[in-house]
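S.K.: Have a look at this one before I ask anything.
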Amino acid sequence: MHRSEITVDLGALRRNVRTLLRAAGDAQLWAVVKANAYGHGMVDVAGAALGAGASGLCVATIPEGLALRDEFRVQRILVLGPASSSREVAHARAAGLELAIADEEIPEGVRVHLKLETGMNRYGLSELPAPPAEVVGLMTHLATADTDPEFARAQLERFESMTRMHSQLERHAANSAATLRLPEARYDAVRCGVAIYGLSPFNTDPTDDGLEPVLSWQSFLAHVKQLQPGESTGYGRRYVAEEPTWIGIVPVGYGDGFRRDLTGTEVRVGGELCPVVGTISMDSFAVGLDRELPVGTPVVLLGHGILAENHARAAGTINYELTCGVETGPLRARRTVIDA
Ligand SMILES: *Cc1c(COP(=O)(O)O)cnc(C)c1O
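Position in the sequence shown (from 1) plus 45 gives the number in the working numbering.
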């Protein structure tokens with residue numbers, strides 16, 4: 046077994062896309078594949094999402110959009126974030142990317158979605174100018190679709206009143222959480238990221254919303270030993286055995302994206318849930334075992350019931366940040382794409 050085995054299940058991804066398409070009603074679904082598809086692999090995910098019925102793709106940067114364009118010649122690709130130079134805009138124009146624009150200066154010769162300020166206060170126009178011909182869409186982004194539906198509804202009301210006169214343009218506002226919980230956010234298209242990966246936008250169990258995690262991550266016990274009372278494992282001696290205690294060493298660490306603040310979370314060793322103990326190193330961490338287990342015993346870090354949501358809770362973050370951080374490059378991991 047490789048020290049860090051990452052499996053991306055495109056079958057699960059397709060099923061999630063179909064679940065979201067049902068939730069989206071008549072709206073189109075645009076698959077958000079920024080940040081290497083939240084760590085899952087941008088091109089693989091984009092192809093599967095389109096195959097399952099997504100009508101377009103969203104990324105954060107023009108370079109991401111250009112990389113997608115190399116693979117998908119005709120599909121719509123919307124860049125959600127700002128351009129960093131006029132050179133980038135020229136590349137976007139040549140590649141037929143669509144751009145979300147949040148200021149008065151609207152580039153020519155490229156399809157534009159105007160981003161409106163309704164409460165996120167990140168990027169966005171507070172007033173809608175008379176839209177020039179370049180403008181094909183009007184959009185906004187919700188700050189609290191996952192946590193505060195009242196505030197989200199207030200944002201949507203603001204969006205509605207700013208855009209009512211322009212309903213011939215494509216209007217879009219929903220992220221994954223809004224697609225699942227706020228039917229009034231659907232408009233013409235929904236922009237779904239986290240949920241297509243089978244991650245819960247609410248940081249609860251994704252199966253509650255009919256979603257299946259797409260990413261699984263496995264390693265194995267590279268070493269097993271018994272600590273005597275008073276002996277510790279790892280940097281800083283943050284875990285000290287009080288009685289004779291079996292521990293296993295897993296050859297994955299924060300250099301692989303198994304973050305240092307995951308101490309205390311649970312992974313599955315053989316069939317059993319075991320706690321991560323002591324300080325997580327760059328290339329390894331320790332698990333507490335209730336008995337001696339053989340070297341080579343598989344360790345599930347994510348997937349097969351080990352939820353990114355639980356790890357996120359232990360680390361004080363969100364599932365998005367965890368999967369974005371998983372190192373999938375060939376120098377650290379073996380990544381396999383399946384279609385089950
Ligand atoms: C990232 C992003 C999304 C996707 O959000 P999820 O919560 O992952 O579904 C949608 N819209 C915009 C503008 C984004 O930046």
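All residues carry an ideal CB built from backbone N, CA and C; glycine is no exception.
Assess contact between the region 95 to 104 and the region 244 to 257, defined as three or more Cβ pairs (one per stretch) separated by less than 8 angstroms. Is contact present?
M.R.: The answer is no - the region 244 to 257 does not touch the region 95 to 104, with fewer than three Cβ pairs under 8 angstroms.
S.K.: Whose C-alpha, out of 207, 68, 139 and 192, is nearest the C-alpha of residue 163?
M.R.: Ranking 207, 68, 139 and 192 by Cα distance to residue 163 puts 207 first.
S.K.: Measuring alpha carbon to alpha carbon, tell me which residue in 376, 384 and 385 is nearest residue 47.
M.R.: Nearest of 376, 384 and 385 to residue 47, Cα basis: 376.
S.K.: Relative to the alpha-carbon of residue 181, which residue among 170, 155 and 204 has its alpha-carbon at the smallest distance?
M.R.: Nearest of 170, 155 and 204 to residue 181, Cα basis: 155.
S.K.: Going by the C-beta, is residue 186 closer than 8 angstroms to any heavy atom of ligand 1?
M.R.: Under cutoff, so the answer is yes.
S.K.: By alpha-carbon positions, which one of 371, 172 and 261 ends up nearest to residue 383?
M.R.: Ranking the options by Cα distance to residue 383, first place goes to 261.
S.K.: Thinking just about the alpha-carbon of each residue, which of 211, 227, 213 and 174 is nearest to the one in residue 192?
M.R.: Ranking 211, 227, 213 and 174 by Cα distance to residue 192 puts 227 first.
S.K.: Based on Cα-Cα distance, which residue from 142, 271 and 297 lies nearest to residue 158?
M.R.: Considering only alpha carbons, the answer is 142.
S.K.: Only counting runs of 3 or more residues, tell me where the beta strand (DSSP E) segments fall wholly within the region 272 to 342, in order along the chain.
M.R.: Within the region 272 to 342, the complete beta strand (DSSP E) runs of at least 3 residues are 290 to 295, 311 to 314, 317 to 322 and 330 to 334.
S.K.: Output the distance between the C-alpha atoms of residue 62 and residue 344, rounded to the nearest integer angstrom.
M.R.: Approximately 29 angstroms, taken between the alpha carbons.
S.K.: Need the endpoints of the alpha helix (DSSP H) that residue 416 sits in, please.
M.R.: The requested residue 416 does not occur in the structure, where the chain is confined to residues 46 to 385.
S.K.: What do you reckon, is the C-beta of residue 105 under 8 angstroms from a heavy atom of ligand 1?
M.R.: Residue 105 Cβ: within cutoff of ligand 1.
S.K.: In whole angstroms, what separates the C-alpha of residue 234 from that of residue 263?
M.R.: Looking at the two C-alpha atoms, the distance is approximately 36 angstroms.
S.K.: Tell me, which residues are paired with residue 236 by DSSP?
M.R.: Bridge partners of residue 236: 75.
S.K.: On the three-pair Cβ rule with 8 angstroms, is the region 75 to 86 touching the region 291 to 299?
M.R.: In short, these stretches do not touch, since the Cβ pair count stays below three.
S.K.: Using the C-alpha atoms, what's the distance from residue 64 back to residue 178?
M.R.: When rounded, the distance between both Cα atoms is 35 angstroms.
S.K.: Runs of 3 residues minimum, wholly inside the region 154 to 239: which ones carry the beta strand (DSSP E) assignment?
M.R.: List check, beta strand (DSSP E) in window: 157 to 160, 180 to 184, 215 to 219 and 234 to 237.
S.K.: Are the beta-carbon atoms of residue 325 and residue 279 separated by less than 9 angstroms?
M.R.: A contact, by the Cβ cut-off of 9 angstroms.
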